[in-house]
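In our numbering, the protein residues as written are 9 to 462. Positions of the beta carbon are idealized from the N, C-alpha and C atoms, including for glycine. Treat the numbers as computed from the prediction; the structure is a model and nothing was measured.
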Ligand code: HEC
């Protein structure tokens with residue numbers, strides 16, 4: 009026998025076997041894929057409605073800030089392709105954090121998991137079937153726009169303060185309303201536990217873009233930022249044992265940014281609800297609240313002088329703050345305008361290690377989101393840590409919010425000008441408080457580690 013022909017026939021036999029196996033495998037795969045598909049096609053009632061309840065309906069309800077309600081099948085089905093588009097591109101729900109770096113656990117995380125995004129996409133691709141309405145979850149109770157969102161958790165506010173009335177105009181440029189209102193709400197100093205900013209409803213909800221209510225105590229040089237608001241951020245609850253010291257008397261400086269959207273009305277009033285610790289309870293830690301850390305106008309320059317973004321170009325700004333005492337950070341809220349794209353906050357520890365704490369890489373000026381750390385992962389920073397902020401402006405056509413990439417862009421308060429700072433919710437700690445917080449955290453991590461290894 010010709011050895012060569014043997015070889016050929018062996019290889020032929022092997023090919024045949026391989027092909028058979030391949031066919032069998034393919035057949036099997038096709039078989040299982042088919043079986044899986046039929047049971048796995050997501051339906052509105054069973055798979056989609058629960059996701060919409062958890063991640064969308066707080067805004068997409070008849071009274072909410074979302075442009076359409078996403079509750080019943082009839083309401084949702086016509087929007088199916090648009091929903092797939094917005095969720096697969098990461099535009100909805102609004103959550104602009106980079107998921108590949110930094111701390112990822114936040115109290116107010118409304119983002120979708122990859123699995124949820126895939127379920128929504130599969131459902132739309134399958135023709136958005138309704139499924140069996142018997143599988144629908146019980147409907148959510150949605151708080152009306154004129155209720156306090158924190159009331160469910162904390163009851164009605166202990167004190168409500170009000171801005172001076174403002175006549176809202178329908179059209180025109182951005183408006184700033186900065187009345188000073190005297191504060192005589194308390195008999196003696198109290199400790200703030202939570203605060204909520206509530207524009208009037210429904211008008212104020214549409215036109216108040218962001219705002220602050222800052223209390224200037226009588227005869228003291230400090231400022232007490234009671235509440236800061238932006239679309240996407242309306243309340244603050246300090247961790248248990250942490251509070252802000254509120255004096256009995258002073259003046260409240262309101263700073264409200266009204267953005268005309270075609271609706272008008274006389275005498276609009278913004279309210280802030282305040283919740284205090286019980287009368288004689290003094291929380292262990294006094295927080296500074298949200299502190300403004302500038303990224304522009306550092307390095308000895310006047311505010312914003314360093315912002316000069318060329319047409320069709322980029323600019324990167326950086327700033328650093330050395331912590332004179334230990335601190336813990338509760339929240340991170342970047343503030344840029346329409347060319348803003350990225351802002352990161354990193355810690356450079358005294359031993360030289362550097363860590364990204366949080367990075368927003370899809371900044372969108374329409375939203376002012378405070379990323380609120382879960383208590384057991386919030387940054388706990390020793391004295392001497394350097395907080396480093398980096399922001400990136402994108403003035404190219406790639407930035408979907410860019411109103412005009414042909415312009416030079418400089419500093420300014422209007423949305424078409426730029427600025428760059430972060431609001432950092434911070435509580436400074438003395439060495440003893442820091443030591444205690446650190447050992448508590450270590451103990452908890454140790455318990456977790458032991459717990460999982462068992
Ligand atoms: C925090 C409030 C909020 C949440 C949560 C939210 N949305 Fe939205 N959504 C809005 C607002 C406001 C708009 C209109 C402005 C915009 O597009 O940014 C919008 C726009 C949309 C649009 C585009 C509508 C159009 O006509 O252009 C879709 C689709 C959408 N949302 C779907 C969703 C889905 C699906 C979810 C949940 C997975 C969700 N949204 C969660 C507030 C929200």
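9 angstroms Cβ cutoff met for residue 178 and residue 243: no
The ligand HEC heavy atom lying under 8 angstroms from the CB of residue 93: yes
Euclidean distance between Cα positions of residue 300 and residue 432: 6 angstroms
Simplified DSSP assignment, three categories, for residue 32: With a pLDDT of only 40 at residue 32, under 50, the local geometry of the prediction cannot be trusted, and the value read off the model is given with reservation. Residue 32 falls in the helix class under three-state DSSP.
Neighbourhood of residue 195 by C-beta distance below 8 angstroms, restricted to the same chain and skipping five residues each side: 256
Residue 262, enclosing alpha helix (DSSP H) - first and last residue: No alpha helix (DSSP H) contains residue 262, which is instead part of the beta strand (DSSP E) from 258 to 266.
Sequence-distant residues of the same chain with beta carbon closer than 8 angstroms to residue 271, five excluded per side: 176, 178, 211, 214 and 215
Residues near residue 100 by beta carbon distance below 8 angstroms, same chain, minus five either side: 64, 91 and 94
Local Cβ density within 10 Å of residue 357, reported as buried at 16 or more and exposed below that: exposed
Residue 108 burial status per 10 Å Cβ neighbour count (16 or more: buried): exposed
From 387, 217 and 238, residue whose alpha carbon lies closest to that of residue 331: 387
Start-end ranges of the alpha helix (DSSP H) lying completely within the region 160 to 240, minimum 4 residues: 211 to 215
Where residue 48 sits in the DSSP three-state scheme: helix
Cβ-heavy atom distance, residue 153 to the ligand HEC, below 8 angstroms: no
Contained alpha helix (DSSP H) runs [length at least 4] in the region 103 to 154, N- to C-terminal order: 122 to 133
CB contact flag (residue 128, residue 69, <9 angstroms): no
Short Cβ contact (9 angstroms threshold) for residue 338 with residue 246: yes
Start-to-end residues for the beta strand (DSSP E) that takes in residue 269: Here residue 269 belongs to no beta strand (DSSP E), and DSSP marks it neither H nor E.
Assigned secondary structure, residue 255 (DSSP; H/G/I helix, E/B strand, else coil): coil
Cβ shell of residue 110 (< 7 angstroms), same chain only, five flanking positions each side left out: 364, 365, 366 and 367
Separation of residue 148 from residue 159, as counted between CA atoms: 16 angstroms
Contact belief for residue 423 with residue 345 at Cβ below 8 angstroms, rounded distance in angstroms: 5 angstroms
Candidates 445, 306 and 417, of which the one nearest residue 383 by Cα: 445
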